[in-house]
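Asks: Numbering (the UniProt record's numbering), first residue to last: 1 to 572.
Using N, Cα and C, we set each Cβ at its ideal position, and we do this for glycine too.
Source: prediction; values computed, not measured.
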Amino acid sequence: METESSDAWTTGAASTSEPLGGSPYSSSGRIFSCGPPDADLNGNILFSDQLINSAPLELPTSDRPIHAEVCISQFSVETFSVIESNVVEFLRSLGPRHVPTVFNNCENHFTAVNSDSSSQQVAEFLQRCVASISLLLDEADGENGYDISKSVDLRTIPLLVHVYQLVSGDEALPVHELVEVGSETINGGTVWLLPSMEMQGLWESLIFDSDIKLDLLSYAQTALLFADRQVSTSIISWNRVILLYGPPGTGKTSLCRALANKLAIRMADRYSSTKLIELNTMNLMSKWFSESARLVARMFDAIREYLEAPEHLVCLLVDEVESLTAVRSSAMSGCEPSDAIRVVNAVLTQIDQIKRYPNVLVLATSNVTGVIDPAFLDRADIRLFIGPPSAPAIYTIFRSCLQELIRVGLVEAGEDKLLSYQALAAMQFVENKMNFLSLDLWKLSERSVGLNGRTLRKLPLLAHAFHLTKVSPSLRSSLSTSGRLYLGSCQSSAALQSGPAYSVHPLLAQYGPRPTVSVPTFVQALRLTVESQFAEVEALDLASLDKGRLKTHKKRANSELSAPPQGDTPIH
């Protein structure tokens, strides 16, 4: 399959049903349901700003559970099953809610809804053992939508619960897998233990125009399910290899890491641990003849040691796979050293060998698919193109960036809220008193088409650093990154000394008033940043064009110098 894109039952005891084989949720989690079969479990679709209602979903409720991702505290010693039952009881007591949503222990969200002793005990239990509960829509509910929210009744909606514990501290740090070749030791790869605090929230931050995340998650769970059930590969062939290709900066590598981390959460009841191994492809290419193929074989020997334990899931990430799987025909024609052929053969052989392990998933990325060997392309079960985001995706990215700056206090929220793309589209982009600010951001998103996701995520930083003072010069001194500001006053010097010193940095709110940057002001700075990015791209294109012209001119001049003068007879 090839896809293209431009890069949250009546209160009572919970009853469980075994996962349905072959469903997208078949490999992990347990569905909790209660209540009459004909209960209305769908509710109405509401956008995140709760402006518009639409008709109820006409889909079977069993196909649309709510995912409850339960992150337990680092020092919790309770079993997952006990935590699971308390979480379900807590959620069932909440009634109608908008999903997605997050309940955080640090924000005192685990409070008893009812005054009875049972509710109090559940709330106290969650406060001791649970760090957060993320209620998420099933990925299929987000089809062709951005920031979609749904009104659900938690008393009746099916809940698919995933209990996990984040790896933190020293254990969250990556470990280098060293490979020894003779007297030389190289870093063959990096090993991450998942789910990691470092990758928390990465999956949700990735915005694409199509169902790429749903497709990848469904494929990975299905492929691992087939391997777990020992489906004969002689009858049904699959390799558990994913290839993401597209221009740089579109989120291919981040998506692979996020997928591995999401699998560690969603399949925590199947695998006791998950490891992400990132191959260091450049280090595996040795300067010594025939050593590269040996390095590849040694590295895969180390990977097989992780695979020997079937309760451990291993996700192997081969970033820029073209460096290891270049087309062998070019080497055979003499354009490349014959050692490259050995490397490609070694990689293909190792992939064929590790697929006999049911607990491995290979994730590969490439910026230039034209040079990848056809034999590797054929081994990839799915090949997905990841391109630059479209205007709706860019709007969602910009909106999330502004919401983050508002959350930390760098931008003032104001009375006018940024609407979701769904709400804006439902208004047919017609300006009114409620959406003029959102329309301004939408126009900027349309102007930003062509920039990749990596660049888009950098723009708020660049806007704050270089363009905010151009929009509002009065902010120049107050946006200093250090120092404390003392305001003039008619009070006595003793009174001034006893009063607080005003911090000029927005994050140091405890020292006094802080400079406010409104959303419209920041959007103006963001617009200047976008224009500067396109100007830089144009300048680079011109420089590249001039360089090409200079090279052509030199080549022509050299050929003219080497040619014999006209009218003269060459000397033999």
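To the nearest angstrom, how far is the alpha carbon of Ile242 from that of Val430?
Replies: For the purposes of this step, residue 242 is taken as residue 242 along the sequence shown, with counting starting at 1. For the purposes of this step, residue 430 is taken as residue 430 along the sequence shown, with counting starting at 1. If you take the alpha carbons of Ile242 and Val430, they lie about 42 angstroms apart.
Asks: Go ahead and pull the three-state DSSP assignment for Tyr245.
Replies: In the sequence shown, counting from the first residue as 1, residue 245 sits at position 245. In the structure shown, Tyr245 sits in a strand (DSSP, three-state: E or B).
Asks: CA-CA distance, Ile341 and Val362?
Replies: The count along the sequence shown starts at 1 and reaches residue 341 at position 341. The count along the sequence shown starts at 1 and reaches residue 362 at position 362. For Ile341 and Val362, the distance between alpha carbons rounds to 21 angstroms.
Asks: Would you call the segment 111-124 and the segment 82-90 touching, i.e. three or more CB-CB distances under 8 angstroms?
Replies: Yes, they touch.
Asks: Excluding five sequence neighbours on each side, which residues of the same chain lie with their C-beta closer than 8 angstroms to the C-beta of Glu143?
Replies: For the purposes of this step, residue 143 is identified with residue 143 of the sequence shown, where counting begins at 1. Because the pLDDT at Glu143 is just 46, under 50, the model does not fix this residue reliably, and the point stays unresolved.
Asks: Inspect the CB distances between the segment 224-243 and the segment 347-356 and report whether three or more fall short of 8 angstroms.
Replies: Result yes; three or more Cβ-Cβ pairs closer than 8 angstroms.
Asks: Rounded to the nearest angstrom, what separates His162 and Leu173 at their Cα positions?
Replies: Your numbering for residue 162 matches position 162 in the sequence shown. Your numbering for residue 173 matches position 173 in the sequence shown. Spanning the two alpha carbons is a distance of roughly 24 angstroms.
Asks: Using a Cβ-Cβ distance under 8 angstroms, would Glu204 count as near chain C?
Replies: You won't find chain C in this structure, because it holds only one protein chain.
Asks: Please tell me whether Lys262 and Thr365 are closer than 8 angstroms, where the distance is taken between their beta carbons.
Replies: On the sequence shown, residue 262 is found 262 positions in, with the first residue counted as 1. On the sequence shown, residue 365 is found 365 positions in, with the first residue counted as 1. In this structure, Thr365 does not lie closer than 8 angstroms to Lys262 by Cβ.
Asks: Among the candidates Leu402, Ser474 and Ala413, whose CA atom is the shortest distance from the CA of Leu461?
Replies: Looking up residue 461 in the sequence shown gives position 461. If we check each option's Cα against that of Leu461, Leu402 comes out closest.
Asks: Can you check DSSP and say which residues form a bridge with Val167?
Replies: Numbered from 1 along the sequence shown, position 167 holds the residue referred to as residue 167. BP columns for Val167 point to Ser196.
Asks: By how many angstroms is the C-alpha of Glu198 removed from the C-alpha of Arg270?
Replies: Taking the sequence shown and counting its residues from 1, one reaches residue 270 at position 270. Taking the sequence shown and counting its residues from 1, one reaches residue 198 at position 198. Approximately 22 angstroms, taken between the alpha carbons.
Asks: Exposed or buried, what is Thr396 when buried is set at 16 or more other beta-carbons lying within 10 Å of its beta-carbon?
Replies: Counted from its first residue, the sequence shown places residue 396 at position 396. Buried, by the Cβ-count rule.
Asks: Taking the alpha carbon of Thr281 as the point to measure from, which residue in Val471, Leu437 and Val321 has its own alpha carbon closest?
Replies: Within the sequence shown, residue 281 is the residue found at index 281, counting from 1. Here the closest residue by C-alpha is Val321.
Asks: Just reading off the beta strand (DSSP E) that Ala364 is part of, what are its end residues?
Replies: For the purposes of this step, residue 364 is identified with residue 364 of the sequence shown, where counting begins at 1. That run of the beta strand (DSSP E) goes Val360 to Ser366.
Asks: Are the beta-carbon atoms belonging to Leu459 and Leu526 less than 8 angstroms from one another?
Replies: Along the sequence shown, one-based indexing puts residue 459 at 459. Along the sequence shown, one-based indexing puts residue 526 at 526. A contact, by the Cβ cut-off of 8 angstroms.
Asks: Start and end of the alpha helix (DSSP H) containing Leu462?
Replies: Taking the first residue of the sequence shown as position 1, residue 462 is located at position 462. Unbroken alpha helix (DSSP H) run through Leu462: Gly453 to Leu462.
Asks: Just reading off the beta strand (DSSP E) that Ser516 is part of, what are its end residues?
Replies: As a position in the sequence shown, residue 516 is number 516, starting the count at 1. Residue 516 is actually Thr in this sequence, not Ser. Where Thr516 is concerned, there is no enclosing beta strand (DSSP E), given that its DSSP letter is neither H nor E.
Asks: Can you say whether Leu244 is buried or exposed, counting buried as having 16 or more other CB atoms within 10 angstroms of its CB?
Replies: Reading the sequence shown from its first residue, position 244 is the one you call residue 244. Buried: at least 16 other Cβ atoms inside 10 Å.
Asks: Just to confirm, is the Cβ distance from Val471 to Thr529 under 8 angstroms?
Replies: As a working mapping, residue 471 is identified with position 471 in the sequence shown. As a working mapping, residue 529 is identified with position 529 in the sequence shown. No, the Cβ-Cβ distance between Val471 and Thr529 is not below 8 angstroms.
Asks: With a threshold of 16 other CB atoms inside 10 Å of the CB of Glu184, please say whether the residue is buried or exposed.
Replies: The residue you call residue 184 lines up with position 184 of the sequence shown. That one is exposed.
Asks: What residue from Thr233, Pro388, Leu284 and Leu377 has the CA that sits closest to Gly450's CA?
Replies: Here the question's residue 450 lines up with position 450 in the sequence shown. Nearest option by C-alpha distance: Pro388.
Asks: Which same chain residues end up closer than 7 angstroms to Asp138 when comparing Cβ atoms and leaving out the 5 residues on each side of it in sequence?
Replies: Position 138 of the sequence shown, counted from the start, is the residue given in the question as residue 138. Arg64, Pro65 and His67.
Asks: Determine whether the beta carbon atoms of Ser151 and Pro96 lie at a separation below 8 angstroms.
Replies: Translated into the one-based positions of the sequence shown, residue 151 becomes position 151. Translated into the one-based positions of the sequence shown, residue 96 becomes position 96. Yes, the pair counts as a contact, with Cβ atoms nearer than the cut-off.
Asks: By DSSP's criteria, Ser151 is part of a beta bridge. Which residues make up the other side?
Replies: As a position in the sequence shown, residue 151 is number 151, starting the count at 1. For Ser151, which the question treats as bridged, DSSP gives the partners His98.
Asks: Using the Cα positions of Val344 and Asn108, report the straight-line distance between them to the nearest angstrom.
Replies: Here the question's residue 344 lines up with position 344 in the sequence shown. Here the question's residue 108 lines up with position 108 in the sequence shown. So the alpha carbons of these two residues sit roughly 55 angstroms apart.
Asks: For Lys275, which residues does DSSP report across the bridge?
Replies: As a working note, residue 275 is residue 275 in the sequence shown. Beta-bridge pairing links Lys275 to Leu193 and Val314.
Asks: What separation, rounded to the nearest whole angstrom, lies between the Cα atoms of Arg266 and Ala463?
Replies: What you label residue 266 is simply residue 266 of the sequence shown in a count that begins at 1. What you label residue 463 is simply residue 463 of the sequence shown in a count that begins at 1. Whole-angstrom Cα-Cα distance: 37 angstroms.
Asks: Just to check my reading of the structure: Val99 and Leu136 have Cβ atoms closer than 8 angstroms, yes? What is that Cβ distance to the nearest angstrom?
Replies: For the purposes of this step, residue 99 is taken as residue 99 along the sequence shown, with counting starting at 1. For the purposes of this step, residue 136 is taken as residue 136 along the sequence shown, with counting starting at 1. Going by Cβ atoms, the distance from Val99 to Leu136 rounds to 7 angstroms, so yes, they are a contact pair.
Asks: Using the C-alpha atoms, what's the distance from Cys106 back to Thr222?
Replies: Position 222 of the sequence shown holds residue 222. Position 106 of the sequence shown holds residue 106. Each residue's alpha carbon lies about 36 angstroms from the other.
Asks: Is it right to say Ala423 is buried, meaning 16 or more other beta carbons lie within 10 angstroms of its own, or is it exposed?
Replies: Mapped onto the sequence shown, residue 423 falls at position 423. Label assigned to Ala423: buried.
Asks: Apart from the five residues just before and just after Arg454, which ones in its own chain have a Cβ nearer than 6 angstroms to its Cβ?
Replies: Numbered from its first residue, the sequence shown carries residue 454 at position 454. Around Arg454: Gly249.
Asks: Following a CB-centred definition, is Ala346 positioned closer than 7 angstroms to any heavy atom of the ligand GDP?
Replies: Of ligands this structure carries none, so the ligand GDP is not represented either.
Asks: Taking just the CA atoms, how far does Leu217 sit from Leu279?
Replies: Looking up residue 279 in the sequence shown gives position 279. Looking up residue 217 in the sequence shown gives position 217. Approximately 22 angstroms between the Cα atoms of the pair.
Asks: Once the 5 residues before and after Ser445 are set aside, which same chain residues still bring their CB inside 7 angstroms of it?
Replies: Indexing the sequence shown from 1 puts residue 445 at position 445. Ala391, Ile394, Tyr395 and Phe398, listed in sequence order.
Asks: What runs of the beta strand (DSSP E), each 3 residues or longer, lie entirely inside the segment 197-269?
Replies: For the segment 197-269, whole beta strand (DSSP E) runs of length 3 or above, ordered along the chain, are 241-245.
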